[in-house]
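So the sequence lines, in the order shown, correspond to chains X, U, Z, G, D and H. Residues 131 to 320 in my numbering are what the first sequence lists, from first letter to last. Residues 131 to 320 in my numbering are what the second sequence lists, from first letter to last. Residues 131 to 320 in my numbering are what the third sequence lists, from first letter to last. Residues 131 to 320 in my numbering are what the fourth sequence lists, from first letter to last. Residues 131 to 320 in my numbering are what the fifth sequence lists, from first letter to last. Residues 131 to 320 in my numbering are what the sixth sequence lists, from first letter to last. Just so it is clear, CB atoms sit at the ideal spot from N, CA and C, and this is done for glycine as well.
Protein chains: 6
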Amino acid sequence: MTENERITALDLGDGSPQSPETAAYFAKCEEKLGLVPNVLRAYAFDDGKLRAFTQMYNDLMLGDSGLSKLEREMIAVAVSSVNHCFYCLTAHGAAVRQLSGDPKLGELMVMNYRVADLTPRHRAMLDFAVKLTKEPEAILEADREALRKAGFSDRDIWDIASVAAFFNMSNRVASAVDMQPNDEYHGMAR
Amino acid sequence: MTENERITALDLGDGSPQSPETAAYFAKCEEKLGLVPNVLRAYAFDDGKLRAFTQMYNDLMLGDSGLSKLEREMIAVAVSSVNHCFYCLTAHGAAVRQLSGDPKLGELMVMNYRVADLTPRHRAMLDFAVKLTKEPEAILEADREALRKAGFSDRDIWDIASVAAFFNMSNRVASAVDMQPNDEYHGMAR
Amino acid sequence: MTENERITALDLGDGSPQSPETAAYFAKCEEKLGLVPNVLRAYAFDDGKLRAFTQMYNDLMLGDSGLSKLEREMIAVAVSSVNHCFYCLTAHGAAVRQLSGDPKLGELMVMNYRVADLTPRHRAMLDFAVKLTKEPEAILEADREALRKAGFSDRDIWDIASVAAFFNMSNRVASAVDMQPNDEYHGMAR
Amino acid sequence: MTENERITALDLGDGSPQSPETAAYFAKCEEKLGLVPNVLRAYAFDDGKLRAFTQMYNDLMLGDSGLSKLEREMIAVAVSSVNHCFYCLTAHGAAVRQLSGDPKLGELMVMNYRVADLTPRHRAMLDFAVKLTKEPEAILEADREALRKAGFSDRDIWDIASVAAFFNMSNRVASAVDMQPNDEYHGMAR
Amino acid sequence: MTENERITALDLGDGSPQSPETAAYFAKCEEKLGLVPNVLRAYAFDDGKLRAFTQMYNDLMLGDSGLSKLEREMIAVAVSSVNHCFYCLTAHGAAVRQLSGDPKLGELMVMNYRVADLTPRHRAMLDFAVKLTKEPEAILEADREALRKAGFSDRDIWDIASVAAFFNMSNRVASAVDMQPNDEYHGMAR
Amino acid sequence: MTENERITALDLGDGSPQSPETAAYFAKCEEKLGLVPNVLRAYAFDDGKLRAFTQMYNDLMLGDSGLSKLEREMIAVAVSSVNHCFYCLTAHGAAVRQLSGDPKLGELMVMNYRVADLTPRHRAMLDFAVKLTKEPEAILEADREALRKAGFSDRDIWDIASVAAFFNMSNRVASAVDMQPNDEYHGMAR
Chain X
131 MTENERITAL DLGDGSPQSP ETAAYFAKCE EKLGLVPNVL RAYAFDDGKL
181 RAFTQMYNDL MLGDSGLSKL EREMIAVAVS SVNHCFYCLT AHGAAVRQLS
231 GDPKLGELMV MNYRVADLTP RHRAMLDFAV KLTKEPEAIL EADREALRKA
281 GFSDRDIWDI ASVAAFFNMS NRVASAVDMQ PNDEYHGMAR
Chain U
131 MTENERITAL DLGDGSPQSP ETAAYFAKCE EKLGLVPNVL RAYAFDDGKL
181 RAFTQMYNDL MLGDSGLSKL EREMIAVAVS SVNHCFYCLT AHGAAVRQLS
231 GDPKLGELMV MNYRVADLTP RHRAMLDFAV KLTKEPEAIL EADREALRKA
281 GFSDRDIWDI ASVAAFFNMS NRVASAVDMQ PNDEYHGMAR
Chain Z
131 MTENERITAL DLGDGSPQSP ETAAYFAKCE EKLGLVPNVL RAYAFDDGKL
181 RAFTQMYNDL MLGDSGLSKL EREMIAVAVS SVNHCFYCLT AHGAAVRQLS
231 GDPKLGELMV MNYRVADLTP RHRAMLDFAV KLTKEPEAIL EADREALRKA
281 GFSDRDIWDI ASVAAFFNMS NRVASAVDMQ PNDEYHGMAR
Chain G
131 MTENERITAL DLGDGSPQSP ETAAYFAKCE EKLGLVPNVL RAYAFDDGKL
181 RAFTQMYNDL MLGDSGLSKL EREMIAVAVS SVNHCFYCLT AHGAAVRQLS
231 GDPKLGELMV MNYRVADLTP RHRAMLDFAV KLTKEPEAIL EADREALRKA
281 GFSDRDIWDI ASVAAFFNMS NRVASAVDMQ PNDEYHGMAR
Chain D
131 MTENERITAL DLGDGSPQSP ETAAYFAKCE EKLGLVPNVL RAYAFDDGKL
181 RAFTQMYNDL MLGDSGLSKL EREMIAVAVS SVNHCFYCLT AHGAAVRQLS
231 GDPKLGELMV MNYRVADLTP RHRAMLDFAV KLTKEPEAIL EADREALRKA
281 GFSDRDIWDI ASVAAFFNMS NRVASAVDMQ PNDEYHGMAR
Chain H
131 MTENERITAL DLGDGSPQSP ETAAYFAKCE EKLGLVPNVL RAYAFDDGKL
181 RAFTQMYNDL MLGDSGLSKL EREMIAVAVS SVNHCFYCLT AHGAAVRQLS
231 GDPKLGELMV MNYRVADLTP RHRAMLDFAV KLTKEPEAIL EADREALRKA
281 GFSDRDIWDI ASVAAFFNMS NRVASAVDMQ PNDEYHGMAR
């Protein structure tokens, strides 16, 4: 990110860390990822909010789970496709490409997961995540049973639901403030 | 809640605290609210997840903000009405009734906020939250400008967006696992 | 209702009876229900219209039917939930609470009937009523067969359809004129 | 109608009058219209229901109003077009053709009223009726004001709302029971 | 068409042929159909565009196919009903009436194909065409299999898809420019 | 494309040219583009259909127009984003990246054109194309006027409409037959 590019449409500071702890966290991102994801800079105006966000994000996307990291990123992108979220499709589309080593899979999650050549497990997982996104009021026991039949445990169902729900939140924060993804994502793992 | 009533449709424990810290937190809820909200019991199977949830929830709904606590609860309920979330409409509908002392206001947020007799500030706030819920991809600068014209600062816009987005997450976790609200909410502040 | 509260957004009189017959009818309501439902005051500007409305209403909701009065009120509320009708959700939500003695059932009909713990008969009945509300053009023989399989006769199907259809009408009259429910409903049978 | 053609998908009698009063009413229809509209035969299984229906119908569509009979039929058809109701589009499409002497106007109401060459009065009237049909929860004072600006009185607004709402009911009864329009309508006033 | 009636809302000439070849084509239409369809006059401002349109149209609607001409017209009208296209419903509704000799079938395609008394072949064909119109992203192998089970070959599936897709194009060109159908269609084959 | 990869889900040949003319055309594509777009191979089973398709495509996308080729590709992608068409988003997303030299612009068209930093001309053009895609029945003179105010001539409006409409067709053919884009597109112009 060039210094003077805006991160969001709101006037909430320039995305600099407000504490040594945050500065160290950003440095670690830079080192591991080669960039500080703009979502973190967007939250940087308030250390408490940043910590709450990263704690939940890291638990869901990087913590222990019966779902692989790639599976969680696939959910993230399929949900973001419904919501047409530019930030999340860009950042997490890149993650799917990287984790899978399959650029086409990343594009399919962005464009239309339904036409991807998916295992029954992945189709069940994404069908649930997308139904939960589009019509949460219509999720019933039959939907949970479909996941169980596809081999998911109840704890896995919690994780599928939580990741899908989390991106329904993040998509909306990003859209509400017009969050800009780091340009570096566009070319990654193509 | 009767001991043997289920909290969710998933088999993830009985909602008991898994650590002294959580037990203390639940005791504090019992003391202050007269009950432990079932959402906390639902998350209790994993202390890390529970902490991430409560940290974000408490920051958003109880922390410093240009929005009053009632305003944040109004957003919560208007969003949950779009998503027809039984858990959140029940628990946060009760909160609107309690904080406002106006049972009818709680019902209006549950049923149709549009026909409530709202101040321009509240109408702008809820129109934004509901548009963000229904068509996040269509939020543009004009929508943010409408909030600014209604007197909201950029920080307030962040908070409106964050609360609306948070309940788009919570509605979906609750619907995905069929989370049951504590029966006590139904009769509160009527 | 306080004398000077408005019943609708239209300037069509103050809701007083225009004939001795109507005055007697309102007195009977007052005696039996403790109030004159505002919908009747809304129609009171024209005795012919009031009579047509009450005749149809009373036939459908109180007349002979294979559906219990509670079942007809459940349909009324589930339909009104789709249409987010403040008047009908308030008045008929109270009716479900009163007739069932189960405040939670009333709330479930208002918020999301799908997640209620329903008998197969009631689920079939409400699924039909809500599909008829949301996509009437898609009702086919298979939908009627589903009702027959759930034990309903053809006459019962007529009644389910008629009640659901009637509230699709009433919801729209109420929303079109911003009809205000009597405040007394909010606290009833909680 | 040939004797042995079915009127609805329900087994509720053959549409014959159940009382001398109804027989006389059907005879009058036959004389004035050249047919007994199948909707009346559909309700004929129960004299009380038939009377309630015709009383409301006749008040709304034939009674005193600031709206002409043609205007009320235009609303009927524009609403029925949203709901894709075969019965009502057929019967009331014919009525628009007959009352207007303009077959093309009837087709426009059936197919897409928006592209008709309408007076501002008629456009305002139909825009309100169709919005009330598609999203009744979103009707606000601004919508009523648009009607007043187009020259409608508050009593006219009541009538527009009532006719639009009535056909939202009738469309659903007809769709629920697969009501068949009399074949004669198809060729009328072409 | 009276000389001075407009064909579209765009100022792109008066619909006269721009070349002897087009003049001859229009004369042939006049001779065979009794009129020059306004869609051809609308394209007449540019001979290349007109030729591309007629070449595709003639191949799809008149060329060799496992689908009869009536079946292709039924698809055209069912698709145009979803898109509420006045031009295509009028012109192709007339074609269904003419080819079938059944005015009611034409009306059913215009109003709601679902309630027509269709063969399984025709229902499968129209269900596919309408799903492809409303949610093309959700067409999966199961939808193609349903056509195969109804007796369609893969080449037939291509044709069903192509005709449905073509009218999704034509409906939008017609709506975008407010194309007016020839008045003669309204009375044809009633 | 590897020889043995399937192009569509239909059994309509292997995509080889059926005539010397088509073989020459494919060779020209290979030479100019480095590949034969799979859409051409998909149509190759029938030379007449292929010619009709390419004639219309080439006229619209490459012929004379007040719209630049990039503008036409932007419309193609914004429309395909609404319809979630994997083939068209992939092939025409690459075209936007190539013609603009701006990979981010391609992604924005795929993901959500609304949040791109567009000129008023481009926003008006894409808003029209997307409204025409989502609700063609609601396009009125005001929509055409908005294009004229943005500087477009009536001929330009025809072209915007025609390109948007064409991709509503192509998206549906591609989705109906599960057309596979050439893998080469994914990495182009990143």
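CB contact check: residue i to chain D, cutoff 9 Å
i       : result
N242(G) : yes
H214(H) : yes
L238(G) : yes
D194(G) : no
E203(H) : no
N312(H) : no
Within-9 Å CB hit, residue i to chain H
i       : result
V209(G) : no
A268(U) : yes
Outcome for residue i when other beta-carbon atoms lying within 10 angstroms are tallied against a minimum of 16
i       : result
R202(D) : buried
E237(U) : buried
L163(X) : exposed
D286(X) : buried
K179(X) : buried
S292(H) : buried
R274(X) : buried
E133(H) : Unreliable positioning characterises E133(H) in this predicted model, as indicated by a pLDDT of 45, which lies under 50. The coordinate reading is nonetheless provided below. Flag for E133(H) reads exposed.
A157(G) : exposed
K279(H) : exposed
Q148(Z) : exposed
K234(U) : buried
T152(D) : buried
L277(G) : buried
N188(H) : exposed
DSSP three-state assignment for residue i, whether helix, strand or coil
i       : result
T132(Z) : Unreliable placement is indicated for T132(Z), whose pLDDT of 47 sits below 50; the coordinate value is still reported in the next sentence. Reduced to three states, the DSSP call for T132(Z) is coil.
C159(X) : helix
A154(G) : helix
D141(H) : coil
F297(Z) : helix
G164(D) : coil
M186(X) : helix
D177(Z) : helix
L200(Z) : helix
R320(H) : coil
Proximity test, Cβ basis, 9 Å: residue i and chain X
i       : result
E161(U) : no
S149(U) : no
L142(U) : yes
Cβ of residue i within 9 Å of any chain U Cβ
i       : result
P233(Z) : yes
V169(Z) : no
The ligand PLP heavy atom lying under 8 Å from the CB of residue i
i       : result
G178(G) : Among the ligands in the structure shown, none appear at all, so the ligand PLP cannot be discussed.
is_contact[residue i, chain G] using C-beta, thresh 9 Å
i       : result
E133(D) : Summary for E133(D): the model assigns pLDDT 45, below 50, so the residue's position carries little reliability, and this model does not support an answer.
L197(Z) : no
V166(U) : no
Supposed contact pair residue j and residue i - C-beta distance, whole angstroms, cut 8 Å
i       : j       : result
R181(H) : G145(H) : That belief does not hold up - the Cβ atoms of R181(H) and G145(H) are roughly 16 Å apart, past 8 Å.
**OP:** Quick one: which unbroken alpha helix (DSSP H) runs of 4-plus residues sit fully inside the segment 219-288 of chain X? Chain order, please.
**Re:** DSSP runs (the alpha helix (DSSP H)) wholly in the segment 219-288 of chain X: 233-241, 250-264 and 271-279.
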